[in-house]
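Chemist:
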Amino acid sequence: MLKPKHSFVFLIVVCLSCCFNQILAQDCEQSTAQTDLDINNVKARLLVGGDLWWDSDGGKYIVPKPEVGEPEVTAFKAAGLWLGGFDPGGNLKMAAQTYGTANGDTDYWPGPLGVNGTTTVDVCNNFDRFWETYSADINAHKADWNDNGVIDGPVPHSVLAWPGKDNPHFQSIHGFELPSTVQGMAPFYDRNGNNIYDPETGDYPDINDADQGFWWVFNDAGGVHSETGGIPLKFEIQVLAYAFSSSNDNINNATFYDYKIINRALEQLDSVHVGIWVDISLGCSFDDYFGCDTLNDLAFIYNLDSIDGELSCYDCGLGYCDGIPVAGIKILKGVVDLENNIEVERGLSSFIYYNNAGTNPPPPPGTEDPSSAHEFYNYLTGSWRDGLGITYGGNGHNPSGESIKHVFTDPPDDVNGWSMCGEDMPYGQRRIVIGSGPFRLDPGAVTDLSFAALFVEDVPHPCPDISPLLEAAEIAQNLFDGIISPTEVLRQQVENIQFQPNPMTSQAELVFNELENSVQQVSIYSIEGKLMRVYDSNFGKSLTIEKGALSQRMYFYKILTDDFKVYSGKFVVQ
Numbered sequence: 207m208l209k210p211k212h213s214f215v216f217l218i219v220v221c222l223s224c225c226f227n228q229i230l231a232q233d234c235e236q237s238t239a240q241t242d243l244d245i246n247n248v249k250a251r252l253l254v255g256g257d258l259w260w261d262s263d264g265g266k267y268i269v270p271k272p273e274v275g276e277p278e279v280t281a282f283k284a285a286g287l288w289l290g291g292f293d294p295g296g297n298l299k300m301a302a303q304t305y306g307t308a309n310g311d312t313d314y315w316p317g318p319l320g321v322n323g324t325t326t327v328d329v330c331n332n333f334d335r336f337w338e339t340y341s342a343d344i345n346a347h348k349a350d351w352n353d354n355g356v357i358d359g360p361v362p363h364s365v366l367a368w369p370g371k372d373n374p375h376f377q378s379i380h381g382f383e384l385p386s387t388v389q390g391m392a393p394f395y396d397r398n399g400n401n402i403y404d405p406e407t408g409d410y411p412d413i414n415d416a417d418q419g420f421w422w423v424f425n426d427a428g429g430v431h432s433e434t435g436g437i438p439l440k441f442e443i444q445v446l447a448y449a450f451s452s453s454n455d456n457i458n459n460a461t462f463y464d465y466k467i468i469n470r471a472l473e474q475l476d477s478v479h480v481g482i483w484v485d486i487s488l489g490c491s492f493d494d495y496f497g498c499d500t501l502n503d504l505a506f507i508y509n510l511d512s513i514d515g516e517l518s519c520y521d522c523g524l525g526y527c528d529g530i531p532v533a534g535i536k537i538l539k540g541v542v543d544l545e546n547n548i549e550v551e552r553g554l555s556s557f558i559y560y561n562n563a564g565t566n567p568p569p570p571p572g573t574e575d576p577s578s579a580h581e582f583y584n585y586l587t588g589s590w591r592d593g594l595g596i597t598y599g600g601n602g603h604n605p606s607g608e609s610i611k612h613v614f615t616d617p618p619d620d621v622n623g624w625s626m627c628g629e630d631m632p633y634g635q636r637r638i639v640i641g642s643g644p645f646r647l648d649p650g651a652v653t654d655l656s657f658a659a660l661f662v663e664d665v666p667h668p669c670p671d672i673s674p675l676l677e678a679a680e681i682a683q684n685l686f687d688g689i690i691s692p693t694e695v696l697r698q699q700v701e702n703i704q705f706q707p708n709p710m711t712s713q714a715e716l717v718f719n720e721l722e723n724s725v726q727q728v729s730i731y732s733i734e735g736k737l738m739r740v741y742d743s744n745f746g747k748s749l750t751i752e753k754g755a756l757s758q759r760m761y762f763y764k765i766l767t768d769d770f771k772v773y774s775g776k777f778v779v780q
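In our numbering, each number is its position in the sequence shown, counted from 1, plus 206.
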């Protein structure tokens with residue numbers, strides 16, 4: 207037992223230690239860096255501090271992208287990353303971003319973390335920036351290598367300056383050192399497999415064959431969490447945002463995001479969830495509906511009625527008027543957890559919304575904006591602010607009924623389904639939280655989350671048929687999985703390709719009818735993108751596909767013709 211004098215000294219030391227740690231924790235300044243991902247029909251604002259798609263004032267996810275000087279209409283007002291989990295002592299660790307950057311509140315700061323989960327002011331300041339590259343630079347660099355197996359021309363600056371692991375040119379270009387960690391930094395193609403990024407030996411940035419890519423890194427340990435009030439997780443988050451310029455509208459109206467999440471703490475975190483928070487603003491912000499398709503890991507957004515506005519096209523500022531789109535957030539790769547030593551991917555684990563507390567009439571108690579770390583975590587894991595689980599029917603908030611994890615799980619045009627359209631939900635300003643988890647993250651461990659933001663123009667409302675968005679989601683998934691490539695011309699010509707019968711039981715015919723060129727190859731993929739079969743032959747006008755070992759589920763077929771055009775479709779095995 208401590209003697210009284212020793213107890214007094216001990217308390218002083220503890221207090222000084224707490225104060226010192228608190229001062230250290232507040233050293234980093236809030237990020238200010240912003241840029242635009244704008245290679246295709248979208249102009250999407252990017253920020254370093256854990257949020258997306260706004261400029262700390264208004265929405266900046268602009269689609270379709272207008273000419274310079276023309277009015278801009280936004281599909282999303284803002285988005286942010288949410289992370290939460292528990293340490294071995296049962297303490298909740300929480301980080302999230304909503305609108306805090308507008309008034310100086312944040313849970314995230316620029317830059318990577320050291321192996322013990324700490325950072326410095328200099329590191330934060332140095333990494334308050336983006337690294338950008340283009341396919342034109344990458345392709346020129348690759349062509350230089352492919353010419354004679356050496357780099358004998360000047361390396362494009364965006365390739366030379368890329369923050370790949372241990373880049374020997376990095377410090378001389380940027381004036382500061384790039385951390386060297388096991389988990390690495392920006393993704394790259396490692397030509398000689400030595401785990402060092404050196405463009406002089408033929409390495410180049412890996413931006414998933416996109417036409418434009420941005421990379422940045424941030425953390426939740428650079429200061430006090432003034433957005434949620436939560437305890438830092440000590441996570442480092444590396445992001446690659448990219449887009450494709452394509453003749454295919456579904457690709458040209460989409461943007462893609464890969465999040466690499468690293469646990470830099472010295473302790474394991476369990477029951478971890480990661481979420482994408484979105485303030486939807488499909489033109490006008492108070493007449494938006496939403497729902498989810500759990501089979502396709504898709505959250506979708508549409509309009510309350512056939513006019514984007516309460517009374518007219520102009521009563522909320524600039525909107526989509528009567529040419530209303532549908533938009534979506536598609537999880538392409540969910541976080542991975544271990545169950546009985548088997549890796550299990552968590553896709554759209556939960557989908558919930560909350561109401562702006564300032565609306566009139568006031569929203570139901572327990573469904574308003576979160577104000578504490580535990581309330582943020584509730585929403586992140588598919589529960590209401592007050593801890594109640596989602597219940598089927600109505601607005602999803604009911605003290606009685608079986609608890610579920612997703613709201614509004616049916617298409618808007620399903621008259622017998624559960625949707626906001628079917629429930630005739632009132633006007634309001636609502637935010638959605640798209641969750642993936644739970645999973646465990648050990649010290650130094652990495653998990654990944656990838657998603658695409660999708661947009662389909664001019665879909666008939668109200669209660670729209672969202673099948674065009676489902677098609678866009680399928681194309682985005684196939685592109686992400688490598689089933690199709692950006693250079694392939696994707697053609698969905700139902701009149702020229704038929705899969706009969708669909709669903710199939712024992713066998714089916716894939717009929718090619720009148721394709722412009724002969725079929726060279728047919729491939730069958732699982733819904734996860736795994737190659738199941740390849741048919742190489744002179745097909746004529748059809749191919750018989752036997753069920754064989756194919757299990758009862760959905761599959762995709764990919765048809766390659768002699769002129770390297772690609773046709774894609776899906777079928778179901780019963």
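Using N, Cα and C, we set each Cβ at its ideal position, and we do this for glycine too.
Everything numeric in this text was worked out from a predicted model, so none of it was measured.
Tell me Lys539's beta-bridge partners as DSSP assigns them.
Modeler: Ser656, per the DSSP bridge assignment.
Chemist: Taking Cβ to Cβ, would you say Leu756 is nearer than 8 Å to Val772?
Modeler: It is not a contact, given that the beta carbons lie outside the stated cut-off.
Chemist: Give the range of the beta strand (DSSP E) segment to which Asp494 is assigned.
Modeler: Its beta strand (DSSP E) spans residues 494-499.
Chemist: Ignoring anything shorter than 4 residues, give me the alpha helix (DSSP H) runs that lie fully in the stretch 431-463, in order along the chain.
Modeler: Here the runs fully enclosed are 455-458.
Chemist: From which residue to which residue does the alpha helix (DSSP H) around Pro644 run?
Modeler: No alpha helix (DSSP H) contains Pro644, which is instead part of the beta strand (DSSP E) from 636-647.
Chemist: What does a CB cutoff of less than 8 Å around Trp337 pick up in its chain, not counting 5 residues either side in sequence?
Modeler: If we look at Trp337 and ignore the five residues flanking it on each side, its Cβ neighbours are Ser364, Ala367, Trp368, Pro369, Ala392, Phe420, Trp421, Trp422.
Chemist: So the candidates are Ile513, Ser477, Trp351, Leu504; which of them puts its Cα closest to the Cα of Leu488?
Modeler: Ranking Ile513, Ser477, Trp351, Leu504 by Cα distance to Leu488 puts Ile513 first.
Chemist: Quick one: measure Cβ to Cβ for Ser237 and Asp464, integer angstroms, because I've assumed they're closer than 8 Å.
Modeler: Actually they do not touch by this definition, with Cβ atoms about 19 Å apart.
Chemist: Judging by CA-CA distance, which residue of His667, Tyr763, Gln713 is the nearest neighbour of Leu737?
Modeler: Per the Cα distances, Tyr763.
Chemist: Determine the burial state of Gly359: buried for a count of at least 16 other Cβ atoms within 10 Å of its Cβ, exposed for fewer.
Modeler: By the 10 Å Cβ count, Gly359 comes out exposed.
Chemist: Can you tell me which residues form a DSSP beta bridge with Pro385?
Modeler: In DSSP, Pro385 forms no bridge with anything.
Chemist: DSSP three-state label for Glu273, please.
Modeler: Coil.
Chemist: For the candidate residues Phe496, Phe382, Phe450, Phe292, whose alpha-carbon lies nearest to that of Asp334?
Modeler: The residue with the shortest Cα to Cα distance from Asp334 is Phe382.
Chemist: Could you tell me whether the stretch 654-673 touches the stretch 265-281, where touching means 3 or more Cβ pairs closer than 8 Å?
Modeler: Contact between the stretch 654-673 and the stretch 265-281 is present, because at least three Cβ pairs lie under 8 Å.
Chemist: Would you check if there are 3 or more beta carbon pairs closer than 8 Å linking the stretch 612-624 to the stretch 492-499?
Modeler: Yes, since at least three Cβ pairs between the stretch 612-624 and the stretch 492-499 fall closer than 8 Å, the two stretches touch.
Chemist: Does Ser642 have its Cβ less than 8 Å from a Cβ in chain B?
Modeler: Of the protein chains in the structure, only one exists, and it is not chain B.
Chemist: Return yes when the Cβ of Leu675 is within less than 8 Å of the Cβ of Phe506, no when it is not.
Modeler: Yes; because the gap between Cβ atoms is below 8 Å, this pair is in contact.
Chemist: If you check the beta carbons only, do Arg636 and Tyr559 fall under 8 Å apart?
Modeler: Cβ atoms of Arg636 and Tyr559: closer than 8 Å.
Chemist: Gln713 to Glu752, Cα distance in whole Å?
Modeler: Taking the straight line from one Cα to the other gives about 4 Å.
Chemist: Tell me whether Gly628 is buried or exposed, calling it buried when 16 or more other Cβ atoms sit within 10 Å of its Cβ.
Modeler: Classification for Gly628: buried.
Chemist: Taking all protein chains shown into account, decide if Leu289 is buried (16 or more other Cβ within 10 angstroms of its Cβ) or exposed.
Modeler: So Leu289 ends up on the buried side.
Chemist: Any contact between the stretch 642-649 and the stretch 552-566? By contact I mean 3 or more CB pairs, one from each, below 8 Å.
Modeler: Cβ pair count under 8 Å is three or more, so yes.
Chemist: So which of Arg591, Ser609, Val274 has the shortest CA-CA distance to Asn562?
Modeler: The option with the nearest alpha carbon to Asn562 is Arg591.
Chemist: Helix, strand or coil for Ile218, going by three-state DSSP, please let me know.
Modeler: Per-residue confidence for Ile218 stands at a pLDDT of 38, beneath the threshold of 50, marking its modelled position as unreliable; no derived number is given.
Chemist: If contacts are defined as beta-carbon pairs under 8 Å, then Val728 and Ile765 qualify, I think. What distance do you get, rounded to the angstrom?
Modeler: Going by Cβ atoms, the distance from Val728 to Ile765 rounds to 6 Å, so yes, they are a contact pair.
Chemist: Compute the Euclidean distance between the alpha carbons of Asn601 and Leu504, then round it to the nearest angstrom.
Modeler: Approximately 19 Å between the Cα atoms of the pair.
Chemist: Once you ignore the five residues that flank Glu581 on each side, which residues in its own chain have a CB closer than 7 Å to its CB?
Modeler: Contacts found: Arg591.
Chemist: If you draw a straight line from the C-alpha of Ala281 to the C-alpha of Lys747, how long is it?
Modeler: For Ala281 and Lys747, the distance between alpha carbons rounds to 43 Å.
Chemist: In angstroms with no decimal places, state the Cα-to-Cα distance between Gly317 and Gln377.
Modeler: Cα-Cα distance, rounded: 15 Å.
Chemist: Can you grab the Cα-Cα spacing for the pair Asn304 / Ala284, in whole Å?
Modeler: It should be pointed out that residue 304 corresponds to Thr in this sequence rather than to Asn. Looking at the two C-alpha atoms, the distance is approximately 8 Å.
Chemist: From Ile730, Gly429, Val254, pick the residue whose C-alpha is nearest to that of Gln444; which is it?
Modeler: The residue with the shortest Cα to Cα distance from Gln444 is Val254.
Chemist: Bridge partners of Arg251, per DSSP?
Modeler: Asp242.
Chemist: At which residues does the alpha helix (DSSP H) containing Lys764 begin and terminate?
Modeler: Lys764 -> not in any alpha helix (DSSP H); beta strand (DSSP E) instead, spanning 760-767.
Chemist: So is Arg759 buried or exposed if we call it buried at 16+ other beta carbons inside 10 Å?
Modeler: Classification for Arg759: exposed.
Chemist: Can you tell me whether Pro576 is buried or exposed, with buried defined as 16 or more other CB within 10 angstroms of its CB?
Modeler: Buried, since its Cβ has 16 or more Cβ neighbours within 10 Å.
Chemist: Would Asp493 and Asn469 qualify as a contact pair, given that the criterion is a beta-carbon distance under 8 Å?
Modeler: In this structure, Asn469 does not lie closer than 8 Å to Asp493 by Cβ.
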